[in-house]
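Since the structure comes first, as structure tokens, the remarks are kept for the end.
Protein chains: 2
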Amino acid sequence: MKLIRKLMSLKNAEKIVYEHLYKYLSENKKIKEINIIEALNKISAEDIKSPIDLPYFNKAAMDGYAVKAEDTFGASETNPIILNLVETDEIFSGEAKKIFTGDELPKNADAVVMKEFCNEVDDFVEIYKGVHPNENVSRIGEDVKKGDVVLKKGDVINPYHLNMLASLGIKKIKVYDLSFGIIPTGDELISLDEINNIEKDINKLKGKIINSNSYMLYGLVKNLGFDAKIYDAVEDNKEKLKKAIKTALNENDAVLITGGTSVSERDITIETVKEMGDVIVHGVNIRPGKPFGFGIVDDKLIFMLSGYPVASAVQFELFIQRFFMKRKKIKIPLKRNIASELGRVDFVRVRVDKEVEPIRITGSGVISSLIKSDGYILIPENVEGYEKGELVDVYLL
Amino acid sequence: MKLIRKLMSLKNAEKIVYEHLYKYLSENKKIKEINIIEALNKISAEDIKSPIDLPYFNKAAMDGYAVKAEDTFGASETNPIILNLVETDEIFSGEAKKIFTGDELPKNADAVVMKEFCNEVDDFVEIYKGVHPNENVSRIGEDVKKGDVVLKKGDVINPYHLNMLASLGIKKIKVYDLSFGIIPTGDELISLDEINNIEKDINKLKGKIINSNSYMLYGLVKNLGFDAKIYDAVEDNKEKLKKAIKTALNENDAVLITGGTSVSERDITIETVKEMGDVIVHGVNIRPGKPFGFGIVDDKLIFMLSGYPVASAVQFELFIQRFFMKRKKIKIPLKRNIASELGRVDFVRVRVDKEVEPIRITGSGVISSLIKSDGYILIPENVEGYEKGELVDVYLL
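In order, the protein sequences belong to chains A and H.
Taking our numbering, the leading residue of the first sequence gets 9, the next gets one more, and so forth.
Taking our numbering, the leading residue of the second sequence gets 9, the next gets one more, and so forth.
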């Protein structure tokens, strides 16, 4: 009888997988430099420091007149102060220069009086309202200082980052670059292509399930900014599986196999990979997601995921997603108690509002729980559960 | 002097823009039906109801033996119950059938005994542990019931949805389909292409800023699943702007113009669009983002956004993003007081942890505040601000 005899702790399993991922990325230089616009939603492989101060000069934040602020102190509607209009790049006490939003301030000017409070008369301007130093001015480095980190290694590049990078004159950026082959396994799988009208075809589905994990894994890989390729489903047959793995390994950096990782007689994935290379992790003390395997074949990475949708989603999250991308973590009070077993990490799908509500589920195959959740809690091994009202860490999806 | 004389309320402006967007989408059938895998991250244009129960039959959730639960009551290690092994599609009292995870239960069976608690001897199986009805069974409709809505109009299709859709035999889905042309305007703009080394080129930038909003808007449009095309920056010149708008209108459903929407002498965007068609909204009582314009030219949509990065990001969020995509809303206590002006909606960028921290900012041009925020608060017109500790609605980015 095949058994996952000793379950590895999540911490150890993550450490092993992450070390191999890191090693693979570095040794194979799986990083490419691309134009920033192509980097949207990809993962930065470098810290980006600002090469300059932004703004790079003191500039007007309003249309009006650049002045030395002290010249305007005390100005009011009944008692305007009159300054000489100049057009030079430098002003002196008693002078003002007409300026538009975004223009560089002339030397010595330290404030802008909004045009609404000014009146131009010949070569003079009447100032009806005093300004303090820096008023209506965007100062050098106010937004970003030279050397500030504006994007960190591991950040997903979003539209706002693109704005920042362009503003700093940064045209190219290094991102992680990987390709994943996805191999679904299991005699019970039927292809979506074979279904024309599911209500009429429902009898085709007796004892079968539609190969749906491939679509999810494809989406998860794509959303990390990586290439994904789905291969045809493979029966529970070692030779056929070996052939599929070989093809996928040739064409990709890593392979995701879904199905056949548990201990049933039909579960041949782990054994098959063992015969082709090394299985380094098999069985992790988490729920759901226990039957996870990780191995190396031909120096490439093989992730063996459960055939259950939720379990495979959890495994992808813990062993791949979280390596590349930090999830936003917030603290919110629990809506009701959650129990957990000591010695095991529980991955609890939740809905977040003003409280965190664990989603009631009955099995690791319940796909609707994935769709309903917008975050998750990880209950550590040494915690028996949390009580209603407790502030818990929620990772947002 | 040009003035935004009367500011429209956010509510009215949104109503007008949303109605025109809705009208445009319906009249022009800007919806396409595509394969689910291509629909990743696009916006569903339909409610999807499940055509079937999922699972579509009662199935084993474990490897073991399908039984009538009542036959096993009282079974224990010291007092096993012995059942006849059968291979039929229907079992009767006193019978059991070997079954694998995922297999359909034979008729009359209502539970599965895990194989660990069974021992096969010839044509019999010894049961060492009783099960209750439904134990180790995934019941029909447990995940989704026929008619349940699994994806709503307006939902962004994520990898988990793909799993659900495939599981239900749904191959194609209708998504919104729009194209946006992006026109940056302003004499002060310099193209990123002209910068080779920003530290050396810093003098080129005196009085100029790099055209960075185009990149952000491109990313924002793309992340709604739409097509985006960036056009060359246009000087503050009506004829040149008209020409650019005409080209962009010919090639797209909608045009985003960034810059020239305020009331400075150089701000010609609104006037230019007025000469080509109708400007329906100009000036909204929000901060930042006040100088927003919306118009119709040749029956197509023109969004006139501020030239300031933050203001244009806010305008995009309020008038485009939120039309298509609901933001996740949570309630978290405020870390410190926020003041707001009565009569105006304040859009406050925040960072969320166990409290909500408003990001201190000094101007609508501060791009770093966009990068630092992971959510925002909208302070309504009739609220003067919020106090530290108050529970506030935060929209997560």
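For glycine and all other residues, C-beta sits at the position ideal for the given N, C-alpha and C.
Remember, it's a predicted structure, so these values are computed and weren't measured experimentally.
Contact between the segment 179 to 188 of chain A and the segment 231 to 245 of chain A is present, with at least three C-beta pairs closer than 8 Å. Listed by position along chain A, the residues whose Cβ is nearer than 9 Å to that of Pro317(H) are Tyr168, Asn171, Met172 and Ser175.
DSSP, reduced to helix, strand and coil, places Tyr384(H) within a strand of the structure shown. By the C-beta criterion, the segment 133 to 152 of chain H is judged to be in contact with the segment 77 to 91 of chain H, since at least 3 inter-stretch pairs fall below 8 Å. Against Ala83(H), chain A offers no close residue; the least beta-carbon distance is about 21 Å (beta-carbon pairs closer than 7 Å). Identification of residues in the segment 139 to 153 of chain A having a C-beta nearer than 7 Å to some C-beta of chain H yields Ser146, Glu150, Asp151 and Val152, given in sequence order. Comparing alpha-carbon positions, the option among Ala262(A), Val145(A) and Asp275(A) lying closest to Phe65(A) turns out to be Val145(A).
Judged by beta-carbon spacing, Ile90(A) lies within the 9 Å limit of Val133(A), meaning their Cβ atoms are closer than that value.
Relative to Gly177(H), the option among Asn219(A), Lys246(A) and Pro366(A) whose CA is nearest is Asn219(A). Using a Cβ-Cβ cut-off of 9 Å, Ala321(A) is close to Pro167, Tyr168 and Asn171 of chain H, given in chain order.
The beta-carbon of Thr109(A) is placed less than 9 Å from the nearest beta-carbon of chain H.
Taking the Cβ atoms as the reference, Ala262(A) lies roughly 22 Å from Pro296(A), outside the contact range of under 8 Å. Taking 9 Å as the upper bound on Cβ-Cβ separation, chain H lies near residues Leu213, Lys214, Gly215, Lys216, Ile217, Ile218, Asn219, Ser220, Asn221, Ser222, Tyr223, Met224, Leu225, Tyr226 and Gly227 of the segment 212 to 227 of chain A.
In the DSSP assignment, Tyr30(A) falls outside any beta strand (DSSP E) and lies within the alpha helix (DSSP H) extending over Leu18 to Glu35. The beta-carbon of Pro63(H) is placed less than 9 Å from the nearest beta-carbon of chain A.
When CB distances to chain H are screened at a threshold of 9 Å, the residues of the segment 330 to 346 of chain A falling below it are Lys336, Lys337, Ile338, Lys339 and Ile340, in chain order. Within the segment 358 to 369 of chain H, Val360, Asp361, Lys362 and Glu363 place their CB atoms closer than 9 Å to a CB of chain A, listed in sequence order.
At a cut-off of 9 Å between C-beta atoms, Pro114(A) does not count as an interface residue with respect to chain H. Closest by C-alpha distance to Ala241(A), out of Val391(A), Asp71(A) and Ile217(A), is Ile217(A).
Assigned with DSSP and collapsed to three states, Gly227(A) falls in helix.
Counted as a single uninterrupted DSSP element, the stretch harbouring Asp240(H) is not any alpha helix (DSSP H), since DSSP gives it neither H nor E. CA-to-CA, the gap between Gly315(H) and Ala47(A) works out to about 23 Å. In the three-state scheme derived from DSSP, where H, G and I count as helix and E and B as strand, Asp201(A) is classed as helix. Around the C-beta of Arg344(A), fewer than 16 other C-beta atoms lie within 10 Å, and the residue is accordingly described as exposed. Annotation: the segment 306 to 344 of chain A contains the following complete segments of the beta strand (DSSP E) (minimum length 3 residues), in chain order: 308 to 313 and 337 to 341. By the criterion of a C-beta distance shorter than 6 Å, Ser270(A) is surrounded in its chain by Pro299, once the five residues flanking it on both sides are discounted. Around the beta-carbon of Asn43(A), fewer than 16 other beta-carbon atoms lie within 10 Å, marking it exposed.
Taken atom to atom, the span from the alpha-carbon of Ile181(H) to that of Ile387(A) is near 37 Å. At a Cβ-Cβ threshold of 9 Å, Asn221(A) and Thr266(A) count as neighbours. Listed along the chain, the chain A residues whose CB falls inside 8 Å of the CB of Ile190(H) amount to none; the nearest CB is some 11 Å away.
Remark: C-beta atoms of Val281(A) and Ile253(A) approach each other more closely than 9 Å. Nearest Cα to Leu159(H) within the set Leu173(H), Asp151(H) and Glu150(H): Leu173(H). In terms of Cβ geometry, Val289(A) and Gly303(A) form a close pair [threshold 9 Å]. Per DSSP, reduced to three states, the secondary structure at Pro167(H) is helical.
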